[in-house]
Amino acid sequence: MNVAILKKPSFLIGLAVLLVLATVGAAVAIKWDAQDDHVTGAQRDRVAKVAEGAVPDSTVIKVERDDDDDTDQAYEVKVKAADGTIHEVTLDKDLRVIGTLPDDDSLPWTPDQRAALEASIAKTLPGGVVVEVEHTNDHGATYEAQVQVINGQVVKEYDVYLDEAFNVLFKKRD
Numbered sequence: 661m662n663v664a665i666l667k668k669p670s671f672l673i674g675l676a677v678l679l680v681l682a683t684v685g686a687a688v689a690i691k692w693d694a695q696d697d698h699v700t701g702a703q704r705d706r707v708a709k710v711a712e713g714a715v716p717d718s719t720v721i722k723v724e725r726d727d728d729d730d731t732d733q734a735y736e737v738k739v740k741a742a743d744g745t746i747h748e749v750t751l752d753k754d755l756r757v758i759g760t761l762p763d764d765d766s767l768p769w770t771p772d773q774r775a776a777l778e779a780s781i782a783k784t785l786p787g788g789v790v791v792e793v794e795h796t797n798d799h800g801a802t803y804e805a806q807v808q809v810i811n812g813q814v815v816k817e818y819d820v821y822l823d824e825a826f827n828v829l830f831k832k833r834d
C-alpha cells in the first residue's frame with residue numbers, strides 16, 4: 661500500500677468530508693425514526709376525534725402510531741379527562757377503539773388494590789417482589805406487573821399479566 665497517498669491534503673479533505681456526511685446522515689436517520697411514530701395533519705385530527713369520543717370531556721395530548729408489536733393496535737392516544745386524569749386510548753387501523761385505560765402514572769393505588777395485587781402475585785410466585793405495575797392491553801390483560809424473585813444470589817424476573825380484579829392470567833420469565 662502506498663502510504664504517501666494517505667498524507668496528501670486531497671485525501672485527508674476527502675476523508676473528512678466523508679466522515680461529516682456519515683455523521684449527518686446518521687443524525688438525520690435517528691431524528692427521522694423518532695418522528696416516524698408521530699401522527700400529524702388530517703389523520704391526527706381523525707384519530708383524535710375518535711379518542712376524545714372514547715373518553716368524554718377529554719383533550720388529546722399526544723397521538724402516535726403503534727405498530728411495533730404483533731397486536732391489532734395501530735394508534736396510541738393520550739388524552740386528559742376533565743378530572744385531570746390521563747387516559748391511554750388504543751385504536752386499530754380502521755380507527756375502532758380497542759381499549760381505554762387510565763395511564764399508569766395517573767392511577768392512584770388504594771391499599772385494597774395493592775393488597776389484592778400482592779396476594780395474587782404471592783400465590784403465583786412465592787417470595788416475588790412487585791417492582792412495577794402498568795396498564796396493558798396485551799394478551800387480554802388489564803395490568804402487567806414486573807416481579808422479581810430472589811433466591812440467594814439468583815434473581816429471576818417475570819412479567820405477570822392480571823385481569824381487572826387482579827387475578828393472574830399468566831406469567832412469563834423475562
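Using the numbering used here, read the sequence shown as starting at 661 and increasing by one per residue.
Glycine included, every Cβ here is placed at the ideal spot set by N, Cα and C.
Taking a cut-off of 8 Å on C-beta distances, the stretch 773-790 does not touch the stretch 747-754, as fewer than three cross pairs fall below it. Short of 7 Å from the beta carbon of L755, and not among the five residues preceding or following it, lie these beta carbons of its own chain, in chain order: R706, V707 and V710.
If the five residues before and after A801 are omitted, its C-beta is found closer than 8 Å to the C-beta atoms of Y821, L822, D823 and L829, all from its own chain and listed in chain order. Its Cα nearest to that of D717, the residue K740 stands out among K816, Y735, K740 and V791. Annotated three-state conformation of P762 is strand, per DSSP. Within the model, the alpha-carbon separation for K832 versus V791 is close to 15 Å. In this structure, T731 sits away from H747, with a CB-CB distance that is not shorter than 9 Å. Taking 9 Å as the cut-off, the beta carbon of G787 is found closer than this to the beta carbon of V809. The straight-line gap separating the alpha-carbon atoms of A742 and N811 is approximately 46 Å. Residue burial is scored here from C-beta neighbours: E736 has at least 16 other C-beta atoms within 10 angstroms and is therefore classed as buried.
For G787, the three-state secondary structure derived from DSSP is coil.
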